[in-house]
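Novice: Please see the structure below; I have some questions.
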Amino acid sequence: MRLFDTLTKAKVDLPDPPARIGMYTCGPTVYQRIHIGNARPYVISQWLKCWLELRGYDVKLVENITDINDRIYEAAPNHSAELAADATGWYLEDTEALGLGRPDAEPKATETIPEIITLIEELIEDGYAYEAEGDVYFRIERFPDYGRLSGQRPDQVEEQEPNPLKQDPRDFSLWKANKEGEDTWWDSPWGRGRPGWHIECSAMAEKFLGPSFDIHLGGLDLVFPHHENERAQSQAAGREFARIWMHNGLLRLDRKKMSKSVGNIAPLKDVLVRWGRETVLLFFMTAHWSKPIDFSDETMAAARARVDGFREIFRAPSQAGGDWDSFAAALEDDFNTPEALAVMHGWRDHELLRRAFGVFGLAALAEEQDAPPEVVELAERRRQARATRDFDEADRLREQIEAAGWEARDVADGFQLVPK
RNA sequence: GGCGCCGUGGCCGAGUGGUUAGGCAGAGGCCUGCAAAGCCUCGUACACCAGUUCGAAUCUGGUCGGCGCCUCCA
Numbered sequence: 009m010r011l012f013d014t015l016t017k018a019k020v021d022l023p024d025p026p027a028r029i030g031m032y033t034c035g036p037t038v039y040q041r042i043h044i045g046n047a048r049p050y051v052i053s054q055w056l057k058c059w060l061e062l063r064g065y066d067v068k069l070v071e072n073i074t075d076i077n078d079r080i081y082e083a084a085p086n087h088s089a090e091l092a093a094d095a096t097g098w099y100l101e102d103t104e105a106l107g108l109g110r111p112d113a114e115p116k117a118t119e120t121i122p123e124i125i126t127l128i129e130e131l132i133e134d135g136y137a138y139e140a141e142g143d144v145y146f147r148i149e150r151f152p153d154y155g156r157l158s159g160q161r162p163d164q165v166e167e168q169e170p171n172p173l174k175q176d177p178r179d180f181s182l183w184k185a186n187k188e189g190e191d192t193w194w195d196s197p198w199g200r201g202r203p204g205w206h207i208e209c210s211a212m213a214e215k216f217l218g219p220s221f222d223i224h225l226g227g228l229d230l231v232f233p234h235h236e237n238e239r240a241q242s243q244a245a246g247r248e249f250a251r252i253w254m255h256n257g258l259l260r261l262d263r264k265k266m267s268k269s270v271g272n273i274a275p276l277k278d279v280l281v282r283w284g285r286e287t288v289l290l291f292f293m294t295a296h297w298s299k300p301i302d303f304s305d306e307t308m309a310a311a312r313a314r315v316d317g318f319r320e321i322f323r324a325p326s327q328a329g330g331d332w333d334s335f336a337a338a339l340e341d342d343f344n345t346p347e348a349l350a351v352m353h354g355w356r357d358h359e360l361l362r363r364a365f366g367v368f369g370l371a372a373l374a375e376e377q378d379a380p381p382e383v384v385e386l387a388e389r390r391r392q393a394r395a396t397r398d399f400d401e402a403d404r405l406r407e408q409i410e411a412a413g414w415e416a417r418d419v420a421d422g423f424q425l426v427p428k
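FYI, in the numbering used here the residues of the first sequence are 9 to 428.
So this is what it looks like as structure tokens:
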């Protein structure tokens with residue numbers, strides 16, 4: 009099993025199974041309902057975990073929830089904690105509807121404050137961080153490897169707004185002193201405040217996975233600064249941290265990244281209602297995890313056509329034939345789901361397909377729902393009409409069946425009812 | 001200004017030195033009372049320009065275009 013790693017820009021081999029694999033995925037900042045693009049890392053993580061387990065690995069997947077952040081303060085002045093709690097519930101509800109299960113742990117930043125403080129103290133002690141008026145900053149020049157993950161050269165990083173508390177404008181905050189209007193805080197050795205954005209992930213990953221783990225996953229837009237800073241903090245503190253960095257490509261709407269600032273948002277909840285979970289999952293499968301993916305009516309309709317195609321296969325008898333090994337090989341080589349999907353399209357073997365569906369949460373594609381008795385009754389009357397060659401009556405009955413949401417098909421031994 | 005990704009047939013999308021990707025859509029046919037489903041047949045594509053090579057969509061250089069990041073972002 010190998011995966012493309014952002015740090016080395018190469019496909020890196022995982023140890024052979026059975027091995028323990030630690031995975032950490034950067035989850036959402038909870039202040040509003042997530043959009044379909046936010047769901048991509050969650051989906052990829054769950055799929056990858058499932059595949060690795062099928063291959064005999066012992067996987068532990070941790071996905072954090074960032075529930076303390078500037079965005080949350082801004083979105084809910086004076087009741088940031090309530091918003092964070094509500095939005096956490098929305099997130100769990102919306103992703104639950106994808107039917108892929110939960111990570112092994114979903115820690116919240118606000119439940120990891122002691123570990124965060126301990127880690128910051130360690131960094132200060134070793135000279136990697138310094139306190140300034142209740143803030144704590146990471147000292148970039150003490151970490152020579154800074155910039156390696158993202159390819160950024162520290163001397164070229166764009167200057168931000170000057171902050172007189174920083175010794176170097178590129179230093180980033182580990183702890184932020186409480187400010188006016190920020191209604192959630194904790195006491196710390198540096199006074200009342202709250203953690204910076206990056207340190208929480210270093211602390212949570214270590215708390216649940218230990219000082220080193222195999223795979224760190226997150227959106228491509230997190231490479232810099234977020235993951236660069238996580239890595240700097242953890243490695244400065246003597247931890248190996250992540251061995252493989254997987255960055256998923258971004259979802260685009262109208263050729264642009266789907267993001268709140270552009271305003272081109274399709275909430276996951278709404279997309280699921282409109283298209284159904286199988287279509288959404290198959291849509292994600294059509295693109296390699298590392299590549300951008302375009303969200304549009306056309307691409308979703310194409311995904312739905314695949315859904316219909318797979319369902320159709322289960323209305324016909326299973327036909328032996330097909331090769332699990334090619335499917336497995338596609339996933340083993342950088343978890344290439346479009347390739348795996350192409351292999352699946354060649355299969356007519358129900359058991360083989362069911363196995364593959366299991367990896368991607370698509371088991372429902374193999375289940376045909378039964379028509380209600382009144383529709384079966386109409387179909388039976390239609391069968392009799394056809395037997396007496398009363399085709400006008402047969403066509404009238406077909407229209408009634410369609411009005412009830414079903415399609416009547418004539419097959420060798422009678423009829424078949426298919427949901428429309 | 002710096003860093004990075006990408007450009008494949010009508011659409012989506014693998015491949016990455018010489019052999020069919022696959023799906024969707026489309027055309028014709030078989031089957032059917034008519035359909036649906038299924039099956040058969042039909043597309044020789046890799047942004048552009050040079051170069052390397054016996055041979056390049058695949059390697060190298062350049063050009064053009066799209067996208068992302070540069071301390072809020074999945």
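Note that the Cβ used here is the ideal one computed from N, Cα and C, for glycine as well.
Owing to the predicted nature of the structure, the values given are computational and were not obtained by experimental measurement.
Go ahead and label residue 327 buried or exposed: buried means 16 or more other beta carbons lie within 10 angstroms of its beta carbon, across all protein chains shown.
Specialist: exposed
Novice: Only counting runs of 4 or more residues, tell me where the alpha helix (DSSP H) segments fall wholly within the segment 321-376, in order along the chain.
Specialist: 332-340, 345-353, 358-368
Novice: Since residue 99 and residue 73 are thought to touch, with beta carbons under 8 Å apart, how far apart are those beta carbons, to the nearest angstrom?
Specialist: Contact flag correct, Cβ pair sits at about 7 Å.
Novice: Suppose the cutoff is 6 Å on Cβ atoms and the five residues either side in sequence are ignored; what does the same chain contact list for residue 180 look like?
Specialist: 146, 237
Novice: Given that a residue counts as buried once 16 or more other Cβ atoms are within 10 Å of its Cβ, and exposed if not, what is residue 288?
Specialist: buried
Novice: Have a look at residue 14 and residue 409 and give me their C-alpha separation to the nearest angstrom.
Specialist: 54 Å
Novice: Can you name the residues that DSSP bridges to residue 259?
Specialist: 301
Novice: In terms of alpha-carbon separation, which member of 393, 376, 104 lies closest to residue 414?
Specialist: 376
Novice: DSSP on residue 234, reduced to helix/strand/coil?
Specialist: helix
Novice: Determine the burial state of residue 86: buried for a count of at least 16 other Cβ atoms within 10 Å of its Cβ, exposed for fewer.
Specialist: Exposed.
Novice: Can you list, in chain order, the stretches of the alpha helix (DSSP H) that have 4 or more residues and sit fully within the segment 185-220?
Specialist: 207-217
Novice: Taking 9 Å as the threshold (C-beta atoms), are residue 312 and residue 284 in contact?
Specialist: yes
Novice: Could you tell me the alpha carbon to alpha carbon distance between residue 144 and residue 184, rounded to whole angstroms?
Specialist: 7 Å
Novice: How far does the alpha helix (DSSP H) with residue 386 in it reach, from first residue to last?
Specialist: Bounds of the alpha helix (DSSP H) holding residue 386 are 381-395.
Novice: Where does residue 29 fall in DSSP's three states?
Specialist: Strand.
Novice: Under the rule that 16 or more other beta-carbon atoms within 10 Å means buried, what is residue 416, buried or exposed?
Specialist: buried
Novice: Would DSSP call residue 251 helix, strand or coil?
Specialist: Strand at residue 251.
Novice: Can you name, in chain order, every residue of its own chain whose Cβ lies under 7 Å from the Cβ of residue 391, other than the five neighbours on each side?
Specialist: 422, 423
Novice: Go ahead and label residue 18 buried or exposed: buried means 16 or more other beta carbons lie within 10 angstroms of its beta carbon, across all protein chains shown.
Specialist: exposed
Novice: Thinking just about the alpha-carbon of each residue, which of 426, 102, 149, 111 is nearest to the one in residue 384?
Specialist: 426
Novice: How far does the alpha helix (DSSP H) with residue 141 in it reach, from first residue to last?
Specialist: Careful: residue 141 lies outside any alpha helix (DSSP H) and carries neither H nor E.
Novice: Just verifying my parser: in three-state terms, what is the DSSP assignment at residue 400?
Specialist: Judged by DSSP in its simplified three-state form, residue 400 adopts helix.
Novice: Any chance the segment 290-306 sits against the segment 258-267, with 3 or more Cβ pairs inside 8 Å?
Specialist: yes
Novice: Is there contact between the segment 169-178 and the segment 54-73, where contact requires at least three CB pairs shorter than 8 Å?
Specialist: no
Novice: Using only CA atoms, which one of 10, 381, 321 lies nearest to residue 372?
Specialist: Restricting attention to 10, 381, 321, the CA atom closest to the CA of residue 372 is found in 321.
Novice: Do the segment 246-256 and the segment 226-235 meet, that is, are 3 or more Cβ pairs less than 8 Å apart?
Specialist: The segment 246-256 is in contact with the segment 226-235.
Novice: Which two residues bound the contiguous beta strand (DSSP E) that contains residue 102?
Specialist: Segment 88-104 is the alpha helix (DSSP H) holding residue 102; no beta strand (DSSP E) there.
Novice: Quick one, are the C-beta atoms of residue 178 and residue 222 less than 9 Å apart?
Specialist: No.
Novice: At a cut-off of 8 Å, would you count residue 79 as near the ligand COA, judging by its Cβ distance to the nearest heavy atom?
Specialist: The model depicted lacks the ligand COA and carries no ligand whatsoever.
Novice: Please tell me whether residue 151 and residue 136 are closer than 9 Å, where the distance is taken between their beta carbons.
Specialist: yes
Novice: Along the beta strand (DSSP E) that carries residue 415, what are the first and last residues, could you check?
Specialist: 414-419
Novice: Who are residue 224's beta bridge partners in DSSP?
Specialist: 32, 253
Novice: Let me confirm a value: residue 206 is counted as buried when at least 16 other C-beta atoms fall within 10 Å, else exposed. Which label applies?
Specialist: buried
Novice: Over what stretch of residues does the beta strand (DSSP E) that includes residue 2 continue unbroken?
Specialist: Nothing about residue 2 can be read from this structure; the chain reaches only from 9 to 428.
Novice: Identify which residue in 379, 232, 159 has its Cα closest to the Cα of residue 16.
Specialist: 159
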